[in-house]
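Worksheet: the structure to be examined is printed underneath.
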Amino acid sequence: MTDKSTQTNHGNLDAGGSKKHIKAGEAIMVQGERGDSAYIIESGKVEITLQAPDNTEKIVGTRGPGAMIGEMAIIDNAPRTATVRALEDCILLEITADDFSNRLDHSDPILKMTIQVILTRYRDTLIRANIAGENRNRPPPEVAELTHAKHSNAVESVKISNEFKAALDNGEVSLHYQPIVNLKTGEISGFESLMRWEHPERGFISPSIFIPIAEESGAILKASQWALKESCAALQRLEQRTGYNSDLFMSVNFTSRDFAAEGFVDSVYETLSRSDVKPSQLHIEITERMLIDQPESARDTLQMCRKAGIDISIDDFGTGYSSLSYLQYFPISTLKIDRSFIKDMHENEGSMALVKSIIALGKNMNMKIIAEGVEKLEEAQILRDLDCDMAQGYYFAKPMSEIQITGFIKDTSKIEF
Ligand code: C2E
Ligand code: CA
Ligand code: CA
8 MTDKSTQTNH
18 GNLDAGGSKK
28 HIKAGEAIMV
38 QGERGDSAYI
48 IESGKVEITL
58 QAPDNTEKIV
68 GTRGPGAMIG
78 EMAIIDNAPR
88 TATVRALEDC
98 ILLEITADDF
108 SNRLDHSDPI
118 LKMTIQVILT
128 RYRDTLIRAN
138 IAGENRNRPP
148 PEVAELTHAK
158 HSNAVESVKI
168 SNEFKAALDN
178 GEVSLHYQPI
188 VNLKTGEISG
198 FESLMRWEHP
208 ERGFISPSIF
218 IPIAEESGAI
228 LKASQWALKE
238 SCAALQRLEQ
248 RTGYNSDLFM
258 SVNFTSRDFA
268 AEGFVDSVYE
278 TLSRSDVKPS
288 QLHIEITERM
298 LIDQPESARD
308 TLQMCRKAGI
318 DISIDDFGTG
328 YSSLSYLQYF
338 PISTLKIDRS
348 FIKDMHENEG
358 SMALVKSIIA
368 LGKNMNMKII
378 AEGVEKLEEA
388 QILRDLDCDM
398 AQGYYFAKPM
408 SEIQITGFIK
418 DTSKIEF
């Protein structure tokens, strides 16, 4: 080992390690398979995905130059806990388990001892987690695999939870805005604000990963209040800078935890009263689950919002509960049809029937309907023919930063389709 290997600058870490060139799209490691190498990304970008037991894949983040991936393999030859694919052509510096232990054997004795103590404790935590007493000595491989995956996810969750709080204060968290389009006119009716977290080392972390973790830790409360204020301020700036003369709306997502917090409605009122945004321009997005979990308090909260003129949208509609009777019980103004039905609509009669029924149901109950996840022209046309009011999806526009969306609105008075 040379002095170079202890430097933190990733450009100087290549003493001893071999370089691998990986083409965009290729898998670097596959979840569940064993490996005995970790990699440091020298150039390029990778995407990390987790496969759930039902075979659905979830993107959990991206990593760029300087990041290490697959480090557990050089510690205890454990199965990979995630799949990593190259998003771009990448150059990776490979560190094998042998190389690692060789480097350790030749390192400064204090450094060696410190690393060994840390690794032993880390390994112990992994092995102990969730294993019943009688299995403690040697769990069957599938239990070990599961435990490892579960536990490294738990370790990851704790890290994300701690880092998210700081990220909010450090300005690493921002909002992107996705246009929602009127299907009759092709004009933009409003936006949904979506949180983005660009971690300085790990790169982009998906909100579907960090929002549930922040909800569990309670950090979501501060994040949601910040998102609400920032979304209202952004809407005002957008209207001023683009000279848009009709009222645009801003749809903001909230979790059950926000919704159940004392003073939720007061804080929403206060934010609105401090901005020039009219209550009717604010749409609060909640899921069916929140209504079912706490029906009485949810109804009171929603009624107060509606009285003030705020719109209530049900997000991911159709995925939650089969009982529709609750729609009558809550003062809901908009249904957002979940992306999964829109995606399948043209090839699955069941999905098409469901989309038609939701639209009919919404119309009968005086609600507006927004279709989510419209990716194709064909889908937009079908939805317009079905009399769906609005749509949102990559076909029209992806979520964009405030600067990008300002330009988009200036350039696009109507989306033809
Ligand atoms: P959601 O509320 O259902 O948001 C819509 C998601 O669909 C967004 O993912 C958006 O980028 C994505 N999307 C939009 N159009 C298309 C399309 O045509 N095709 C596909 N495949 N996807 C499309 P995103 O931004 O990754 O957010 C994921 C989820 O994280 C959101 O789902 C929401 O549940 C949560 N989330 C995001 N931002 C916030 C936030 O500020 N507060 C809260 N509480 N939750 C948030
Ligand atoms: Ca939403
Ligand atoms: Ca949704």
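Going by the working numbering, the first residue of the sequence shown is number 8, and it counts up by one from there. Glycine included, each C-beta is placed from N, C-alpha and C at the ideal position.
| query | result |
| --- | --- |
| Backbone CA spacing between lysine 229 and aspartate 265 [nearest angstrom] | 9 Å |
| For tryptophan 204: DSSP bridge partner residues | Val180 and Ile212 |
| Start and end residues, alpha helix (DSSP H) containing isoleucine 365 | 356-371 |
| Contact check, glutamate 47 vs isoleucine 102, beta carbons under 8 Å | A quick correction: the sequence has isoleucine, not glutamate, at residue 47. Contact flag set, yes. |
| Check: lysine 350 C-beta below 7 Å from any heavy atom of ligand 3 | no |
| Distance between proline 406 and leucine 245 (C-alpha atoms, nearest Å) | 15 Å |
| Cross-strand partners of methionine 397 (DSSP beta bridge) | Asn189 and Ile377 |
| Same chain, Cβ closer than 7 Å to lysine 363, neighbours up to 5 away in sequence not counted | Leu393 |
| Whole-number beta carbon distance between isoleucine 293 and phenylalanine 256, since they are thought to touch under 8 Å | About 16 Å; that fails the 8 Å criterion. |
| Methionine 374 beta carbon less than 8 Å from that of isoleucine 339 | yes |
| Rounded straight-line distance, which links the Cα of lysine 191 to that of methionine 352 | 20 Å |
| heavy atom of ligand 3 below 7 Å from lysine 405 C-beta | no |
| Reference glycine 380, options Ala367, Gly400 and Arg92, closest by Cα | Gly400 |
| As assigned by DSSP and simplified to three states, the class of leucine 331 | coil |
| Endpoints, the alpha helix (DSSP H) within which aspartate 322 is located | Per DSSP, aspartate 322 belongs to no alpha helix (DSSP H); it is in the beta strand (DSSP E), 318-324. |
| Isoleucine 125 in three-state terms, based on DSSP | helix |
| Threonine 90 vs threonine 56 beta-carbon contact at 8 Å | yes |
| Counted within 10 angstroms of its Cβ, other Cβ atoms place lysine 421 as buried (16 or more) or exposed | exposed |
| heavy atom of ligand 3 below 7 Å from lysine 375 C-beta | no |
| Best match in Met359, Glu179 and Gln335 for proximity to aspartate 345 [C-alpha to C-alpha] | Met359 |
| Asparagine 169 - DSSP class collapsed to helix/strand/coil | helix |
| Whether arginine 209 touches valine 180 by CB criterion (8 Å) | no |
| Beta-ladder partner(s) of lysine 343, from DSSP | Ile377 |
| 3 or more residues per run - each beta strand (DSSP E) lying fully within the region 77-122 | 90-93 and 97-103 |
| Presumed contact (8 Å Cβ cut-off) between valine 272 and cysteine 312, rounded CB distance | 6 Å |
| Residue-level contact to chain C via CB, threonine 341, 8 Å cutoff | Annotation note: the requested chain C is absent from the structure, which comprises a single protein chain. |
| Separation of aspartate 112 from isoleucine 125, as counted between CA atoms | 16 Å |
| Residues surrounding ligand 3 [beta-carbon distance to nearest heavy atom under 7 Å] | Asp322, Asp323, Lys343, Asp345, Arg346 and Glu379 |
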